[in-house]
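Just so you know, the sequences run in chain order A and B. Here the first sequence stands for residues 1 to 477, numbered as in the UniProt record's numbering. Here the second sequence stands for residues 1 to 477, numbered as in the UniProt record's numbering. Don't be surprised by glycine CBs; every beta carbon is placed ideally from N, CA and C. Keep in mind that this is a model prediction, so the values were computed, not measured. As structure tokens, the structure follows; a few thoughts come after it.
2 protein chains.
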Amino acid sequence: MNAVLNTVLQARAALVERLGQDAVLTDPADQARYCRDWHGDVASGTVAVIRPRSTEDVSKAMRACAELGLAVVPQGGNTGLVLGGIPDQPDHQVIISLERMNRVRRIDEDDFSAVVEAGCIVANIKEAVDAHGMLFPLGFGAEGSAQIGGSVGTNAGGINVLRYGMTRELVLGLEVVLPDGSIWDGLTTLRKDNRGISLRQLFIGAEGTLGIVTAVALKLLPRPTQVETALLGVASLHDAIALYRRARRDCCDLMTAFEFMPPEAFMLAIEAQPDLKMPIAGDYPAYVLMEVSGSGLVDIKTLLDQFLENVLEDGMVQDGVVAASRAQGINLWRFREGMNEGQAMRGVHLRTDVSVSLSTMAEFVERTLFVLKQAFPDSLSIAYGHVGDGNAHINVLPPASADIAERQRILYVGKNLINELVYEYQGSISAEHGIGRLKRPEFEQKLAPAHKALLVAIRKAIDPEGRMNPGCQVLAD
Amino acid sequence: MNAVLNTVLQARAALVERLGQDAVLTDPADQARYCRDWHGDVASGTVAVIRPRSTEDVSKAMRACAELGLAVVPQGGNTGLVLGGIPDQPDHQVIISLERMNRVRRIDEDDFSAVVEAGCIVANIKEAVDAHGMLFPLGFGAEGSAQIGGSVGTNAGGINVLRYGMTRELVLGLEVVLPDGSIWDGLTTLRKDNRGISLRQLFIGAEGTLGIVTAVALKLLPRPTQVETALLGVASLHDAIALYRRARRDCCDLMTAFEFMPPEAFMLAIEAQPDLKMPIAGDYPAYVLMEVSGSGLVDIKTLLDQFLENVLEDGMVQDGVVAASRAQGINLWRFREGMNEGQAMRGVHLRTDVSVSLSTMAEFVERTLFVLKQAFPDSLSIAYGHVGDGNAHINVLPPASADIAERQRILYVGKNLINELVYEYQGSISAEHGIGRLKRPEFEQKLAPAHKALLVAIRKAIDPEGRMNPGCQVLAD
């Protein structure tokens, strides 16, 4: 038996001894699903998967790992897209999965707030507060599996950010187990609290590098009672953005989503879900999926109808269809989700998540697609995303005939081409997915010295032994 | 000449030598206005007031102070209410005033953003973006003097927080000069940017303890074209809060302000502005000043009229007046501002700024006022504030006959009585004003060890020599 294996086995035994058999998965077969990423691109291993049932359990697990000299990789629903929750040193890293901490601790509709444990699945939270007449507006494709702790760690975005903000804007308080096992109780639901530096802001988006989020206090809103959805055909992304600006003014703060899609989106969606029927007659160069919603005395239907009448008349929109029912509206959203599934079915491909300012978005996307078309004439390069946030997903789908080597080449070259343009436009190489392990090299490559010094100083201050999710976000020199 | 004075004079000379005569105020007469707080309760002194004209100047000033072993107190419009910008060690601390850095660098309506220097006055920013058809929604009494850098440092709140959030929610990016004089350029206007920990969050609300904010990228919104204001008489604070909950749902995301005022507010306002006429016939136990606004196709007037008709019919409101014009609306707001002036005219008095959850706000305020009435039967104790944020200002105005000793006793005893109740309700002793130097003792007294350890660790990590605004927020042990 070699030394590493011996050490791993000893560590497993020691963890079981300290935390109990029930809390620790030591069999690699049981561990496998925690060690694979969402897309199945990467498979790793781990010393152990610890599954605490309480904040106290997490604290104990952290102390045990510290004593045993093990690093910790916190994991939520494992739907992350940048390998933030997957060990890169399987013999030294323990996964702490929050999946058993899934209680809704409190829903207080009088306070427009809820307190939930980190392992609660986002869709379950939405359902639970809906039963109280409330809305928790975080919405993204993986919400049926993603846990709120992971959403906080990655500051998840999604399709409703233009109205409700990123996860950051929806978090009122946090409970966090720190690297030394102590518990920071910041679980307030106060709307205004200016008692010094806001510590919770540090943990939001830190991808588990500063501590483990164990519970979250969430901002709730009144549940919308009127939701209107429209699919619109427009002449270009440029027109889509002009339309967004007008909608931002004309529909005031009642617009909930404004998604841009290329014509190929429908083909991809139908490849994944063959029962889908094209909702709009005729082909258009670009499409917008728009949603307006509200509660109470506002008249959302009249608002959207009036808006569409005006913009059709002004030629900003070429054609459009408004969902006649909520079911039809949900059906329109199936194209948006189906497009992602269709891409996954095309095999290994390049996915990106970039943002630029809204003033330069059309130019940036058009230039990027042109460059990609030149570089990969046989691939399908598409751009779609959240117009209101300046956030585009620009992806390259290699032809079916491409072998894995060719696909890897396209991934590598394509990513660099896109990043170069992102830098030119002073954009972000990660708008909503985070840095994790996947994007760390690109992130560090362009990090200004003052920025890096601050990141490293903060990390060392809170985790002096470097035990929290090493390999994620930024490395100390 | 004693040693301290000698050192101070030497430091002044050294600063002038390094930074030039134009940049440094060394005469105590010229320094005086920077060393007094907004209410005139405290007067201090300083080694020098440095007034840089550029980010480079700030960087140079920071390096000079470091070389000379001087501490730095950043100062904006000096409208803070907790002595965050007033030196507590006049012989060792230099004020860096940002007042000369007052350029609007860019307004980009296509990006819904602006970039301004830290010394820009908030009201001037609002005016500048208004000319571009945009809204910068930060709004509070001192906005005509307060600078945006100070608003960022204190995470200023105000009257529109329920719709637009605190300053934090309005900041897209920052430029900061760090304690070692290096410049951190985080001046992006990106809506979504998940490249690791969000450093700007650290500086927002840090009250200049981690660096000096030199420029700010701001989120803009479409300028509202319809604004409706109403003053409503209700039976109690309890009813006012119930009304808020209903308005939150019925007026959806179009409510801009919902202020609670006691009957005495009108008396105080008229004491300060004798030309004010009571806008509502009859006396009511409590009042609500409510504003709904929007742009584009929403019909704000119909919305507010319909809402008021319903709540009058349901008995939630006893009487109300809707401003017939924007001028009348502004006039209603004069009572809200005049009430503050009226309090100031009553001489030294207790002012607080506390928050609790919305579910417990009515009970908390009623209990607190009861306790204050028992303790100070001859004083006028009033509560008013931002209902939607759970934020109340509970103040005690001693009788005219009270001498300064008696006033100081009321301040001391009253503050402790209020704080005890705030702690019982798990509220905040500083909802929107910050900690500064004034609230540091109370803040530190109740600081949980894990919380304090984090604050101290971060401060030491970023400012290892403890040179940034020492005495403010929290002391290292």
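Please classify residue i as buried or exposed, where buried requires at least 16 other C-beta atoms within 10 Å of its C-beta.
i: Q31 (chain A); result: buried
i: S54 (chain A); result: exposed
i: I107 (chain A); result: buried
i: A247 (chain A); result: buried
i: T189 (chain A); result: buried
i: A43 (chain A); result: exposed
i: Y34 (chain A); result: buried
i: K192 (chain A); result: buried
i: D57 (chain B); result: buried
i: T302 (chain B); result: exposed
i: G133 (chain A); result: exposed
i: D353 (chain A); result: buried
i: I50 (chain A); result: buried
i: Q343 (chain A); result: buried
i: N6 (chain A); result: exposed
i: K439 (chain B); result: buried
i: S401 (chain A); result: exposed
i: M62 (chain A); result: buried
i: S236 (chain B); result: exposed
i: M101 (chain B); result: buried
May I have the straight-line CA-CA distance separating residue i from residue j, to the nearest angstrom?
i: A324 (chain B); j: M290 (chain B); result: 14 Å
i: V288 (chain A); j: R168 (chain B); result: 31 Å
i: V456 (chain B); j: N194 (chain A); result: 17 Å
i: M1 (chain A); j: L68 (chain A); result: With a pLDDT of only 49 at M1 (chain A), under the threshold of 50, the placement of this residue in the model should not be trusted; the figure read from the coordinates follows. Cα-Cα distance, rounded: 20 Å.
i: A123 (chain A); j: L210 (chain B); result: 38 Å
i: A450 (chain B); j: E228 (chain B); result: 46 Å
i: I86 (chain A); j: L202 (chain B); result: 28 Å
i: R223 (chain A); j: Q273 (chain A); result: 30 Å
i: P137 (chain A); j: G158 (chain A); result: 10 Å
i: E341 (chain B); j: K60 (chain B); result: 40 Å
i: A461 (chain A); j: G471 (chain A); result: 17 Å
i: L454 (chain A); j: F443 (chain A); result: 15 Å
i: A286 (chain B); j: F370 (chain B); result: 16 Å
i: H349 (chain B); j: P399 (chain B); result: 10 Å
i: E259 (chain A); j: G294 (chain A); result: 18 Å
i: R437 (chain A); j: I382 (chain A); result: 25 Å
i: I418 (chain B); j: T368 (chain B); result: 6 Å
i: S428 (chain B); j: V356 (chain B); result: 7 Å
i: M339 (chain A); j: F140 (chain A); result: 14 Å
i: L312 (chain A); j: Q75 (chain B); result: 52 Å
i: Q147 (chain A); j: F266 (chain A); result: 29 Å
What is the C-beta distance between residue i and residue j, in whole angstroms, given that I count them as a contact (C-beta under 8 Å)?
i: residue 553 (chain A); j: V8 (chain A); result: Beyond the ends of chain A as shown, which are 1 and 477, falls residue 553 (chain A); an answer cannot be given.
i: K219 (chain B); j: L254 (chain B); result: Contact doesn't hold; Cβ gap of about 18 Å is too wide.
i: F307 (chain A); j: D250 (chain A); result: 5 Å
i: P279 (chain A); j: V321 (chain A); result: 5 Å
i: P90 (chain B); j: G40 (chain B); result: In fact, because the Cβ distance is near 17 Å, the residues do not count as touching under 8 Å.
i: G282 (chain B); j: G208 (chain B); result: That pair is no contact at about 48 Å.
i: A215 (chain A); j: V72 (chain A); result: With a Cβ gap of about 18 Å, A215 (chain A) and V72 (chain A) do not count as contacting.
i: A362 (chain B); j: I241 (chain B); result: 5 Å
i: I410 (chain B); j: F376 (chain B); result: 6 Å
i: L162 (chain B); j: H386 (chain B); result: 7 Å
Looking at the strands, I want to know which residues DSSP matches up with residue i.
i: S293 (chain B); result: B:V227
i: residue 508 (chain B); result: The question about residue 508 (chain B) has no answer, for chain B in this structure spans 1 to 477.
i: I330 (chain B); result: None, per the DSSP bridge assignment.
i: V371 (chain A); result: Bridge partners of V371 (chain A): none, in fact.
i: Q408 (chain A); result: BP columns for Q408 (chain A) are empty, so no partner.
i: I107 (chain A); result: A:A114
i: L350 (chain B); result: B:V396
Practice task
Would you mind listing the alpha helix (DSSP H) stretches within the region 191-277 of chain A that are 4+ residues and don't spill past its ends, in chain order?
Solution key: 200-203, 237-250, 264-272
Practice task
Tell me the start and end of each unbroken alpha helix (DSSP H) in the region 29-90 of chain B that is at least 4 residues and wholly inside, in chain order.
Solution key: 55-68
Exercise for the section: Kindly provide the ranges of any beta strand (DSSP E) runs that are 3 or more residues long and lie completely inside the region 132-200 of chain B, ordered along the chain. Expected result: List check, beta strand (DSSP E) in window: 171-177, 183-186.
Problem - Complete runs of the alpha helix (DSSP H) confined to the region 300-326 of chain B [at least 4 residues] - result: 300-313
Handout entry: Near-chain C residues of the region 155-174 of chain A - C-beta to any C-beta below 7 Å
Key = The displayed structure is made up of protein chains A and B, and chain C is not among them.
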